[in-house]
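Undergrad:
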Amino acid sequence: MTETVTGHALACLYAADRHHHVETEILPALDDGRLVISDRYLASGLVVQRFDAVDPIFLRNLNEKVHRPELAVILDADPDVIAERLHDRGPHNRFQHAPGSSHIEVEFYRHAADAMTSAGFDVVRVDCSSRSAAQSAAFIARRLMPLSRPSRAAS
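Here the sequence shown is numbered in our numbering, starting from 1280 and rising by one per residue.
#1: Could you spell out where the beta strand (DSSP E) holding Val-1352 opens and where it closes?
#2: What span of residues does the alpha helix (DSSP H) with Asp-1311 cover, start to end?
#3: Taking DSSP as the reference, what is the three-state secondary structure of Val-1405?
#4: Would you mind sorting Ser-1381 into buried or exposed? The rule is 16 or more other CB atoms within 10 Å of its CB.
#5: Taking buried to mean at least 16 other C-beta atoms within 10 Å of its own C-beta, is Met-1395 buried or exposed?
#6: Looking only at C-alpha atoms, which of Val-1403, Pro-1378 and Ala-1377 sits nearest to Tyr-1388?
#7: Pick out whichever of Gly-1324, Gly-1286 and Thr-1285 has its Cα sitting closest to the Cα of Asp-1296.
#8: Between Val-1352 and chain B, is the shortest Cβ-Cβ distance under 8 Å, so that the two count as touching?
#9: Give the C-beta separation of Asp-1331 and Leu-1289 to the nearest angstrom, bearing in mind that I take them to be a contact with Cβ-Cβ under 8 Å.
#10: Excluding the 5 residues flanking Ile-1361 on each side, which residues of the same chain have their C-beta closer than 6 Å to its C-beta?
#11: Less than 8 Å separating the beta-carbons of Val-1315 and Arg-1422?
#12: Would you kindly check if the distance between the Cβ of Val-1333 and the Cβ of Gly-1379 is under 8 Å?
#13: Do you know how far the Cα of Leu-1341 is from the Cα of Val-1301?
#14: When DSSP labels each residue in this structure, what does Gly-1286 get in the three-state scheme?
#15: In whole angstroms, what separates the C-alpha of Arg-1364 from that of Ser-1411?
#16: First and last residue of the alpha helix (DSSP H) that includes Glu-1384?
Written out as structure tokens, the structure reads:
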């Protein structure tokens, strides 16, 4: 969809999808006492819209009522490592075709992490530059373990 819908329209669609997902999937699961892990939640949406030059204040206002996760994990890496990985695997979206996109993406993710932290989110950045996928997953799992809890529905 990011190939044909851009700018404010894409930002609104991302936010609408996020709110719908929270209302229909995440909150009911949390109410049942389950641990919910969701990828590409708020930070990735903020980054994609920044590539389309959507004003960060508009994005903040659009997302201010979003459900706050107990932990937001943002994968980070050296921009040159990201560029090499993109070269090897190929781009996944229109933003990754532009020269220097990995440098811009890293900067946007850092801004998103800082904005989320300033807004009271618990954010952990995981530097994946030299970690394998398995090492990164293990690091994240260790951060998630304190959040897992017995189902409230079973009590």
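We put the CB at the ideal spot given by N, CA and C, even for glycine.
TA: Inspection of the coordinates gives the following:
#1: 1351-1355
#2: According to the DSSP assignment, Asp-1311 belongs to no alpha helix (DSSP H), since it is labelled neither H nor E.
#3: strand
#4: buried
#5: buried
#6: Val-1403
#7: Gly-1324
#8: Among the chains of the structure shown, chain B does not appear; only one protein chain is present.
#9: 6 Å
#10: Ser-1381
#11: no
#12: no
#13: 15 Å
#14: Correct three-state label for Gly-1286: helix.
#15: 12 Å
#16: From DSSP, the alpha helix (DSSP H) with Glu-1384 extends over 1380-1397.
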